[in-house]
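Note sheet for the following structure.
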Amino acid sequence: MSNNDIIVSLDIGTSKVRAIIGEISNGTFNIIGVGSADSEGIRKGAIVDIDQTVQSIRSAVDHAERMVGIQISEVYVGISGNHIGLQTSHGVVAVQNEDREIGEEDIDRVLKAAEVIALPPEREIIDVVAKQYVVDGLEGIQDPRGMIGVRLEVEATIITGAKTAIHNLLRCVEKSGLKVSDLVLLSLGAGQLALSKDEKTMGSVLVDIGAGSTTIAVFESGTIIATSTLPIGGEFITNDIAYGLRTLTDQAEKVKLKYGCASIEDSAGDVTFKVTRIGSNVDKEFTQEDLAAIAEPRVQEIFQMIRQEVKRLGYSELPGGYILTGGTVSMPGLLRVAQEELAASVRVAVPDYIGVRDPGYTGGVGILYKVIKNIRVRNTGNGAKKTTNRNKPVSTQESASKPGIMERLKSLFSEFI
Numbered sequence: 001m002s003n004n005d006i007i008v009s010l011d012i013g014t015s016k017v018r019a020i021i022g023e024i025s026n027g028t029f030n031i032i033g034v035g036s037a038d039s040e041g042i043r044k045g046a047i048v049d050i051d052q053t054v055q056s057i058r059s060a061v062d063h064a065e066r067m068v069g070i071q072i073s074e075v076y077v078g079i080s081g082n083h084i085g086l087q088t089s090h091g092v093v094a095v096q097n098e099d100r101e102i103g104e105e106d107i108d109r110v111l112k113a114a115e116v117i118a119l120p121p122e123r124e125i126i127d128v129v130a131k132q133y134v135v136d137g138l139e140g141i142q143d144p145r146g147m148i149g150v151r152l153e154v155e156a157t158i159i160t161g162a163k164t165a166i167h168n169l170l171r172c173v174e175k176s177g178l179k180v181s182d183l184v185l186l187s188l189g190a191g192q193l194a195l196s197k198d199e200k201t202m203g204s205v206l207v208d209i210g211a212g213s214t215t216i217a218v219f220e221s222g223t224i225i226a227t228s229t230l231p232i233g234g235e236f237i238t239n240d241i242a243y244g245l246r247t248l249t250d251q252a253e254k255v256k257l258k259y260g261c262a263s264i265e266d267s268a269g270d271v272t273f274k275v276t277r278i279g280s281n282v283d284k285e286f287t288q289e290d291l292a293a294i295a296e297p298r299v300q301e302i303f304q305m306i307r308q309e310v311k312r313l314g315y316s317e318l319p320g321g322y323i324l325t326g327g328t329v330s331m332p333g334l335l336r337v338a339q340e341e342l343a344a345s346v347r348v349a350v351p352d353y354i355g356v357r358d359p360g361y362t363g364g365v366g367i368l369y370k371v372i373k374n375i376r377v378r379n380t381g382n383g384a385k386k387t388t389n390r391n392k393p394v395s396t397q398e399s400a401s402k403p404g405i406m407e408r409l410k411s412l413f414s415e416f417i
């Protein structure tokens with residue numbers, strides 16, 4: 001197994017850090033290793049303690065390495081948060097080849113042209129997503145490679161983020177002894193994995209409910225058009241249980257994972273458990289119904305806030321409805337509450353790969369899915385010819401001659417401060 005066939009994603013969440021190892025062999029993609037560690041140093045999706053976050057990253061990567069028996073040196077890192085912004089842009093270039101055939105270089109140049117936008121000094125471009133290409137006035141082209149033309153244009157969405165948040169994220173990964181191949185917007189990767197072509201075209205909302213935050217991404221016309229992050233998630237349900245049962249937060253989390261139910265209607269009155277209450281060493285018995293009575297109002301509130309936020313973004317009625325993912329949506333009864341509160345079609349998205357069939361892994365697998373899709377598109381467009389890939393890990397020789405993403409960000413960051 002050569003390392004060229006291996007790609008690794010890193011999803012740094014509020015409750016878990018997940019490292020997922022994917023292998024590409026003979027055109028097929030498989031997940032061969034998964035590492036997970038409890039997340040320390042993250043609050044509501046933001047890094048608040050670099051050293052603790054570094055420790056969590058190392059634990060997750062070590063876990064994945066032991067499973068597969070290889071050493072991980074480069075990772076694709078997922079990024080999300082309320083600092084992420086989207087803006088539309090337009091790029092135009094003349095086709096360079098003498099025979100006017102559009103090649104890889106032309107596409108790279110037109111995307112670079114789209115990146116030339118006025119940005120505040122504290123913001124940085126994370127990615128450029130092409131909505132459509134236009135060749136000599138012909139619109140609606142998704143992949144112009146191999147076409148003949150004189151003028152190539154692109155309608156693109158520019159994904160930007162706060163330099164401080166990006167810098168801190170990269171610093172954590174770098175201090176863990178890993179090299180960042182690229183940053184990938186988590187909701188964009190998860191959307192490519194979890195949504196069908198029709199859902200992305202007609203319009204739908206991808207909702208990723210994590211422990212500390214909920215990310216909302218609106219897809220329409222085949223691409224992401226709006227995103228927002230709410231500072232709510234599964235931790236709020238845990239805190240309510242801790243208060244309601246008067247127990248420690250750690251114990252409330254265990255009880256939630258084992259017996260939790262988001263709907264009183266779906267809960268069982270004959271399922272009982274005991275918890276140690278604060279200020280007492282005597283265990284008290286509760287039923288699953290008691291737990292659901294505490295959890296249901298909070299889950300209802302979370303979906304009410306999601307619905308209000310989607311409305312605020314300007315998308316109230318989308319044909320594709322809502323697609324839920326993230327660790328919190330595994331809770332029994334949550335789908336029923338979501339359907340009642342959102343008053344739309346709702347489904348839960350789960351990655352269809354062995355070892356990661358859990359909504360909590362959608363973001364991490366989505367990162368791999370997006371990277372592989374980009375590699376495949378470029379390889380297909382160029383036959384057997386080897387191409388340079390925006391998302392391809394840079395080799396050691398290349399990185400010696402070319403400044404890495406961390407060095408570029410350091411110089412940009414020094415200008416900013």
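For reference, each letter of the sequence shown is one residue, going 1 to 417 in this note's numbering.
Quick reminder that beta carbons are idealized off the backbone N, C-alpha and C, glycines included.
- What whole-angstrom Cβ distance do residue 83 and residue 13 have, given they're in contact under 8 Å? As a working mapping, residue 83 is identified with position 83 in the sequence shown. As a working mapping, residue 13 is identified with position 13 in the sequence shown. With 8 Å as the limit, residue 83 and residue 13 do not qualify as a contact, their Cβ atoms being about 16 Å apart.
- Item | Burial state of residue 34, where buried means 16 or more other Cβ atoms lie within 10 Å | On the sequence shown, residue 34 is found 34 positions in, with the first residue counted as 1. Looking at its Cβ environment, which holds 16 or more other Cβ atoms inside 10 Å, residue 34 is buried.
- So is residue 181 buried or exposed if we call it buried at 16+ other beta carbons inside 10 Å? The sequence position of residue 181 within the sequence shown is 181, counting from 1. That one is buried.
- Message: Tell me the rounded alpha-carbon separation between residue 61 and residue 350.
- Response: If you number the sequence shown from 1, residue 61 lands on position 61. If you number the sequence shown from 1, residue 350 lands on position 350. Rounded to the nearest angstrom, the two C-alpha atoms are 22 Å apart.
- Message: For residue 8 and residue 75, what's the separation of their Cα atoms in angstroms?
- Response: The residue you call residue 8 lines up with position 8 of the sequence shown. The residue you call residue 75 lines up with position 75 of the sequence shown. Cα to Cα, residue 8 sits roughly 5 Å from residue 75.
- Using only the heavy atoms of the ligand NAD, determine whether one of them is closer than 7 Å to the beta carbon of residue 344. The ligand NAD is not among the ligands present in this structure, which contains no ligands whatsoever.
- Query: Under a Cβ-count criterion, where at least 16 other Cβ atoms within 10 Å of its own Cβ denotes burial, should residue 20 be classed as buried or exposed?
  - Reply: In the sequence shown, the residue the question calls residue 20 occupies position 20. By the 10 Å Cβ count, residue 20 comes out buried.
- Task: Tell me whether residue 370 sits in a helix, a strand or coil according to DSSP, three-state version.
- Result: Position 370 of the sequence shown, counting from 1, holds the residue named residue 370. DSSP places residue 370 in helix when its eight states are reduced to three.
- Message: Quick check: what's the CA-CA separation for residue 230 versus residue 97?
- Response: Sequence index remark: in the sequence shown, residue 230 carries index 230 (1-based). Sequence index remark: in the sequence shown, residue 97 carries index 97 (1-based). For residue 230 and residue 97, the distance between alpha carbons rounds to 47 Å.
- Query: Can you tell me whether residue 87 is buried or exposed, with buried defined as 16 or more other CB within 10 angstroms of its CB?
  - Reply: Here residue 87 refers to the residue found at position 87 of the sequence shown. The residue is exposed, with fewer than 16 neighbouring Cβ atoms inside 10 Å.
- Query: Can you list the beta strand (DSSP E) stretches of 3 or more residues lying completely in the region 196–263, in chain order?
  - Reply: 204–209, 214–220, 223–230
- Task: From the DSSP output, in three-state form, read off residue 347 for me.
- Result: Counted from its first residue, the sequence shown places residue 347 at position 347. Of the three classes helix, strand and coil, the one that applies to residue 347 here is strand, per DSSP.
- Message: What would DSSP say about residue 152, mapped onto helix, strand or coil?
- Response: Residue numbering aside, residue 152 sits at position 152 when the sequence shown is read from its first letter. Strand, per DSSP.
- Message: By DSSP's criteria, residue 325 is part of a beta bridge. Which residues make up the other side?
- Response: To locate residue 325, count along the sequence shown from 1; it is residue 325. According to DSSP, residue 325 bridges with 208.
- Task: To the nearest angstrom, report how far apart residue 149 and residue 107 are at their CA atoms.
- Result: Walking along the sequence shown from the start, residue 149 turns up at place 149. Walking along the sequence shown from the start, residue 107 turns up at place 107. Residue 149 and residue 107: Cα-Cα distance of roughly 12 Å.
- Tell me whether residue 284 sits in a helix, a strand or coil according to DSSP, three-state version. In the sequence shown, the residue the question calls residue 284 occupies position 284. Strand, per DSSP.
- C-alpha distance - residue 397 paired with residue 16, whole-angstrom precision: As a working mapping, residue 397 is identified with position 397 in the sequence shown. As a working mapping, residue 16 is identified with position 16 in the sequence shown. Note on residue 397: pLDDT 34, under 50, position unreliable in the model; no value is reported.
- Query: What separation, rounded to the nearest whole angstrom, lies between the Cα atoms of residue 387 and residue 38?
  - Reply: Stepping through the sequence shown from its first residue, residue 387 is reached at position 387. Stepping through the sequence shown from its first residue, residue 38 is reached at position 38. No answer about residue 387 holds up, because its pLDDT of 34 lies below 50 and its placement is not dependable.
- With burial defined as no fewer than 16 other Cβ atoms inside 10 Å of the residue's Cβ, what is the status of residue 109: buried or exposed? What you label residue 109 is simply residue 109 of the sequence shown in a count that begins at 1. By the neighbour-count rule (16 or more Cβ atoms within 10 Å), residue 109 is buried.
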